[in-house]
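Mapping of the sequence shown onto my numbering: residues 82 to 483, in sequence order.
Glycine included, every Cβ here is placed at the ideal spot set by N, Cα and C.
Worksheet for the structure shown next.
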Amino acid sequence: MNPDLDLLKPYPFERLRQLFAGADKPAGQPVNLGMGEPQHAAPAFVLEALAEALPQLRSYPATRGLPELRQAVASWLQRRFGLEAVDPEAQVLPVTGTREALFSIAQAVVDRSRDPLVISPNPFYQIYEGAALLAGAQLELLDCEPQRGYLPDYAAVDNDTWQRCQLLYLCNPGNPSGAVTPLDTLVQVVELAQEHDFVIAADECYSEIYRDEARPPPGLLQAAQAAGVTDYRNCLVFHSLSKRSNLPGLRSGFVAGDAGLLQRYLAYRTYHGCAMPVHHQIASAAAWSDEAHVRENRGLYNSKFEQVLARLAGTLPLQMPEAGFYLWPDLGVDDEAMALELYRRYNLTTLPGQYLGRDSGNGNPGFGHLRIALVPPVEDCLYAADCLSEVIVSLGRSGAHG
82 MNPDLDLLKP YPFERLRQLF AGADKPAGQP VNLGMGEPQH AAPAFVLEAL
132 AEALPQLRSY PATRGLPELR QAVASWLQRR FGLEAVDPEA QVLPVTGTRE
182 ALFSIAQAVV DRSRDPLVIS PNPFYQIYEG AALLAGAQLE LLDCEPQRGY
232 LPDYAAVDND TWQRCQLLYL CNPGNPSGAV TPLDTLVQVV ELAQEHDFVI
282 AADECYSEIY RDEARPPPGL LQAAQAAGVT DYRNCLVFHS LSKRSNLPGL
332 RSGFVAGDAG LLQRYLAYRT YHGCAMPVHH QIASAAAWSD EAHVRENRGL
382 YNSKFEQVLA RLAGTLPLQM PEAGFYLWPD LGVDDEAMAL ELYRRYNLTT
432 LPGQYLGRDS GNGNPGFGHL RIALVPPVED CLYAADCLSE VIVSLGRSGA
482 HG
């Protein structure tokens, strides 16, 4: 077996299962706000396109994807981020969900012979860590702390570290905080990648779940264009229909950017054997071509945030996150104990923040936080807010901060 497998840590939800294993059986209907699995209805027109395309099951899918899907993605990128040009033939590659792509990109771009380093935010989507370790790289963590708005401090990274870096994972908007990286910061990161010749893998899966219709989060390709890097050299963005269109089961996303990188990555994927089924591609093209359902989806999340934050205002003052569908409160107490208490008392599942972070020498920046996914119906989210308030009051932590 690959000895690097021994470096992998238990996945957050496995740790949560173990935490709850010895708990008293909770009463009441279970409410799960632990997993970021969208629960809003999938768009009817996408399901219709999927059903109509089922006869395409007779065909093997091409790894490069259908021309109409690549064109739909390229057109969406140009509309959404104001890009002057995206070549659907060379700069877009469909993937079977961004999870597998965010993992496999490290296997494709990391050169084990050069003492590789991968840089990641902390807390993070655990795929980044596993991808780096199984690619034979060391992982460098950039803590995302409240005093910096939960954004990494790229300016604190020295030149020697950037020079050794081969891959930077950038999550924008951030999971779990919902923090949005400003365009000027993205431009600076693009310039660093040009200077030190590392690849940026920008996980932008939450880019379409934001609060202010007038201020959509900027993207990495947008920053590359602003920096004059019009061929998107060393820049790759990862997008998904899971959050944007409530289609997590479709396993549909794309990677776009540097044509040279994508050409080599396509060769890797041809052997990897992960082509998206043809009927999924046809349905995906329909989804990327429509914005009305996305605006409606944002409205549902924004309404839930407003109601939940109003319900929590007396016990846990929180700021509205700029994007995403998570609350990330700093409770001022042991987050694992809080999650267990919520489960025991109310059959309510949340995710301890420490499960999403690592101790980078200054402690685990996820400690004391809970990740609360506002994905169920609004009544379940409000129930969860009431439960959280009751536990905080009972623990005498009404002064906890967010």
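Query                                                                                                                                                 : Result
Tell me the DSSP secondary structure of P84 in three-state form.                                                                                      : helix
Which residues mark the beginning and the end of the beta strand (DSSP E) in which S201 is found?                                                     : 198 to 203
Which value, in whole angstroms, describes the spacing of the CA atoms of H320 and P398?                                                              : 32 Å
Please report the distance separating the alpha-carbon of L97 from that of Y424.                                                                      : 11 Å
Check the C-beta distance from Y349 over to A218 and give it rounded, since I have them as a contact under 8 Å.                                       : At roughly 16 Å, the Cβ-Cβ gap does not stay under 8 Å, so Y349 and A218 are not in contact.
Quick one: complete alpha helix (DSSP H) runs, 4+ long, within the region 151 to 198?                                                                 : 179 to 190
Pairs of beta-carbons, one from the region 403 to 421 and one from the region 444 to 454, closer than 8 Å: are there three or more?                   : yes
Please report how far the alpha carbon of E170 lies from the alpha carbon of P148, in whole angstroms.                                                : 8 Å
From which residue to which residue does the alpha helix (DSSP H) around R325 run?                                                                    : 322 to 325
Hey, is S140's beta-carbon within less than 7 Å of any beta-carbon in chain D?                                                                        : This model lacks chain D altogether, as it is built from one protein chain only.
What residues in its chain sit with their C-beta under 6 Å from that of V268, if we drop five residues either side in the sequence?                   : A304, A307, A308
Residues in the same chain with beta-carbon distance under 7 Å from Y502, minus the five sequence neighbours each way, listed in chain order, please. : No answer is possible for residue 502: the residues shown for the chain start at 82 and end at 483.
Could you give the distance in angstroms between the alpha-carbon of W157 and the alpha-carbon of A340?                                               : 18 Å
Is DSSP giving A340 helix, strand or coil here?                                                                                                       : helix
Compute the distance between the beta-carbons of Y231 and S258, then report whether it is under 7 Å.                                                  : yes
Between V176 and A337, is the Cβ-Cβ spacing less than 7 Å?                                                                                            : no
Apply the 10 Å Cβ neighbour rule to L302 and answer buried if 16 or more other Cβ atoms are within range, or exposed otherwise.                       : buried
Tell me the residue span of the alpha helix (DSSP H) that contains R452.                                                                              : Premise fails: R452 lies in the beta strand (DSSP E), 451 to 454, not in any alpha helix (DSSP H).
Would the region 241 to 259 and the region 455 to 471 be scored as touching if the rule is three or more Cβ pairs under 8 Å?                          : no
Quick one: what's got a C-beta closer than 6 Å to Q120's C-beta in the same chain, skipping five residues either side?                                : V456, P457
Does the structure place the region 357 to 366 close enough to the region 119 to 138 that three or more beta carbon pairs sit under 8 Å?              : yes
From F101 to L421, what does the alpha carbon distance come to, in whole angstroms?                                                                   : 7 Å
Considering only residues of the same chain and omitting the five flanking positions on each side of L88, which have a CB-CB separation below 6 Å?    : L214
Need the endpoints of the beta strand (DSSP E) that A283 sits in, please.                                                                             : 280 to 284
Could you work out which residue in R145, M401, G413, D168 is closest to D312 when comparing CA atoms only?                                           : D168
So, helix, strand or coil for H482, using DSSP?                                                                                                       : Unreliable placement is indicated for H482, whose pLDDT of 42 sits below 50; no coordinate value is reported for it.
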